[in-house]
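Here is the structure we will look at.
Shown next as structure tokens:
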């Protein structure tokens, strides 16, 4: 039995590699559970792909409308619109045009793990991957990220990759914050770090574009979510972490 501390120690010393090693010689589909996960975990990779003329597709599994459930000023319909616009601004900061974004609009905190809604999401992504002839990988959250929507995204990605035979690559988000003694059912596996120093300024702008998640925009929900400083510091790094899923 391994612990989160084992995984964290492993992730910090993974070999630094390049896009071809991580996603293959094509482009990729980045699957984000919510608008902001793509900027946090993959912002550098997205910018690197754009710079290499391999612009990825970025799909958002949920609408992100659950982060401020107690707000009257930003009810779900308004927050859904805000978060989609933030995603577009973040993509622009990374050099990715808006037509490369896909909004799957599943309910925040209730993304499907199975059943008809799950099958519909998988079918939509399969269509996108098949239309994108150069797509060689799907990049999605680590399967042990401690959030139900992240888990759902990992399951979706595995189904897509297994069906079309492309590689599946994982990026940890909330996995970085697991307490050190958290038991995990497997040993750390293979992975890589991608040097994103050249794109770090753009990544910072992309993260900041998700203004609703920083606590200053929506102020009438005392129980609102806000990105914690310790998580943000992890992703303010010249390297991003990717795992063989």
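Residue numbers (our numbering): 817 to 1061.
For each residue, glycine too, the CB sits at the ideal point set by N, CA and C.
These figures come from a predicted structure and were not determined experimentally.
Residues in the same chain with beta-carbon distance under 8 Å from residue i, minus the five sequence neighbours each way, listed in chain order, please.
| i | result |
| --- | --- |
| residue 837 | 1008 |
| residue 938 | 972, 975, 976 and 979 |
| residue 916 | 871, 872, 873, 874 and 907 |
| residue 945 | 845, 951, 954, 976, 980 and 982 |
Going by beta-carbon coordinates alone, are residue i and residue j separated by less than 9 Å?
| i | j | result |
| --- | --- | --- |
| residue 1013 | residue 1054 | yes |
| residue 994 | residue 1038 | no |
| residue 839 | residue 955 | yes |
| residue 1006 | residue 1060 | yes |
| residue 1023 | residue 889 | no |
By Cβ distance, which residues of its chain are closer than 6 Å to residue i, with the 5 residues on each side in sequence left out?
| i | result |
| --- | --- |
| residue 941 | 976 |
| residue 1018 | 863, 909 and 910 |
| residue 905 | 1025 |
| residue 953 | 839, 840, 844, 982, 983 and 985 |
Using the DSSP secondary-structure output, state which residues sit across from residue i in a beta bridge.
| i | result |
| --- | --- |
| residue 972 | The partner list for residue 972 (beta bridge, DSSP) is empty, contrary to what the question assumes. |
| residue 917 | 874 |
| residue 922 | 878 |
| residue 1059 | 986 and 1007 |
| residue 832 | 1009 |
Using a Cβ-Cβ cut-off of 7 Å (strictly less than) and excluding sequence neighbours within five positions of residue i, which residues of its own chain qualify?
| i | result |
| --- | --- |
| residue 947 | none |
Practice task
Tell me the start and end of each unbroken beta strand (DSSP E) in the segment 976-1038 that is at least 3 residues and wholly inside, in chain order.
Solution key: 983-987 and 1007-1011
Practice task
Determine, using beta-carbon pairs with one atom in the segment 891-903 and one in the segment 875-882, whether at least three such pairs fall under 8 Å.
Solution key: yes
Problem - Cβ contact (3+ pairs, closer than 8 Å) linking the segment 849-865 and the segment 994-1001 - result: no
Practice task
Mind the definition here: the segment 857-874 touches the segment 825-844 only if three or more C-beta pairs lie below 8 Å; say whether that holds.
Solution key: yes
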